[in-house]
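One structure is given here, and the rest of the page talks about it.
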Amino acid sequence: MTRLSRALMAGSALALAVVPVMASPAMAQDQPVRTSVEQAQPSLNLSATGRVKVAPDQATLNFGVMTEAATAQEAMQTNATQMTRVVEALRRAGIDQRDIQTSGLNLSAQYDYQENQSPRLRGYQAVNRVTVVIRDLSKTGRTADAVVAAGVNQIDGISFGLQNPGAAEDQARRLAVQALQAKAALYAEALGRPLGSIRNLTEGGGYRPAPQMAMYARAASADATPVEAGELEVSIDITGVYDLR
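Residue numbering for the sequence shown follows numbering that gives the first Met the number 0, beginning at 0 and increasing consecutively.
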């Protein structure tokens with residue numbers, strides 16, 4: 000056998016060995032590629048809110064003493080004297096020391112302005128602001144009247160809150176979950192698919208104290224300044240993903 004014959008035979012054997020490994024175009028079309036979208040489990044992504052109305056059990060009162068004098072030292076001293084009387088009035092009203100907090104202290108020069116003239120120093124203004132937490136709401140109006148009688152000349156507002164909001168938050172959570180379950184069941188029924196298990200649950204929101212409201216108090220008298228606490232709303236927002244079978 001010549002060298003040419005042996006080479007031709009080797010080439011033929013190689014070609015025969017390769018042919019079974021190659022797939023024809025027709026065979027490739029018979030095996031479609033499955034995408035990740037086709038393989039994903041159908042699901043519902045829903046949200047719900049649970050809301051609870053509850054009566055507040057504490058009030059936060061913000062007020063201040065503003066004084067003016069010819070000198071900065073005099074303005075501060077006068078302010079300190081008035082604020083000392085205010086703190087004493089708070090303690091007589093039954094407010095614990097831990098519930099009295101200085102929230103602002105400011106001293107500024109005061110000027111008179113006239114057209115075409117340089118500003119003229121009139122004196123100095125001192126302001127001392129205090130935040131007080133009142134844990135017995137029946138004392139709210141009388142406390143406001145007492146501090147005004149003691150020297151407070153600025154009341155910035157009042158807000159109501161909860162000392163322990165946990166129980167109300169838990170109740171709102173239960174209502175939120177019930178609402179989410181009902182919504183998921185409704186969607187599954189409308190889609191004609193059995194509802195599967197919940198895949199994940201995310202919580203948002205929670206207890207937020209009521210915004211501060213303006214309050215007007217008068218000097219102490221037989222009748223205390225009326226204060227109505229009303230109700231607070233505690234809400235919990237949740238989002239859940241349910242599988243559809």
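We put the CB at the ideal spot given by N, CA and C, even for glycine.
Shorter than 8 angstroms from the beta carbon of residue i to some beta carbon of chain C?
| i | result |
| --- | --- |
| residue 103 | Absent here is chain C; the protein component of the structure consists of one chain. |
Can the beta-carbon of residue i be found closer than 8 angstroms to that of residue j?
| i | j | result |
| --- | --- | --- |
| residue 234 | residue 171 | yes |
| residue 146 | residue 85 | yes |
| residue 123 | residue 71 | yes |
| residue 56 | residue 162 | yes |
| residue 240 | residue 198 | yes |
| residue 232 | residue 50 | yes |
| residue 167 | residue 206 | yes |
| residue 150 | residue 96 | no |
| residue 228 | residue 54 | yes |
Looking at the unbroken beta strand (DSSP E) that takes in residue i, where does it start and where does it end?
| i | result |
| --- | --- |
| residue 238 | 231 to 243 |
| residue 51 | 42 to 53 |
Below 6 angstroms CB to CB, which residues in the same chain sit around residue i once its five sequence neighbours on both sides are set aside?
| i | result |
| --- | --- |
| residue 105 | 126 |
| residue 130 | 61, 100, 102 |
| residue 165 | none |
| residue 128 | 63, 102, 103 |
| residue 66 | 74, 77, 78, 125 |
| residue 238 | 46, 201 |
| residue 203 | 236 |
Which same chain residues end up closer than 8 angstroms to residue i when comparing Cβ atoms and leaving out the 5 residues on each side of it in sequence?
| i | result |
| --- | --- |
| residue 219 | Bear in mind that a pLDDT of 39 at residue 219, under 50, signals an unreliable position, so the model cannot answer this. |
| residue 93 | 135, 138 |
| residue 243 | 40, 41, 42, 43, 187, 190, 192, 193, 194, 195 |
| residue 98 | 131, 132, 133, 134 |
The alpha helix (DSSP H) with residue i in it runs from where to where?
| i | result |
| --- | --- |
| residue 81 | 71 to 91 |
| residue 144 | 139 to 149 |
Using DSSP bridges, identify the partner residues of residue i.
| i | result |
| --- | --- |
| residue 95 | Residue 95 is not bridged to any residue. |
| residue 64 | 127 |
| residue 105 | 126 |
| residue 110 | 120 |
Please check the pair residue i and residue j, which I expect to be a contact at CB under 8 angstroms, by giving their CB distance rounded to whole angstroms.
| i | j | result |
| --- | --- | --- |
| residue 48 | residue 236 | 5 angstroms |
So, for residue i: in the same chain, excluding its five sequence neighbours on each side, which residues have a beta-carbon less than 7 angstroms away from its beta-carbon?
| i | result |
| --- | --- |
| residue 119 | 110, 111 |
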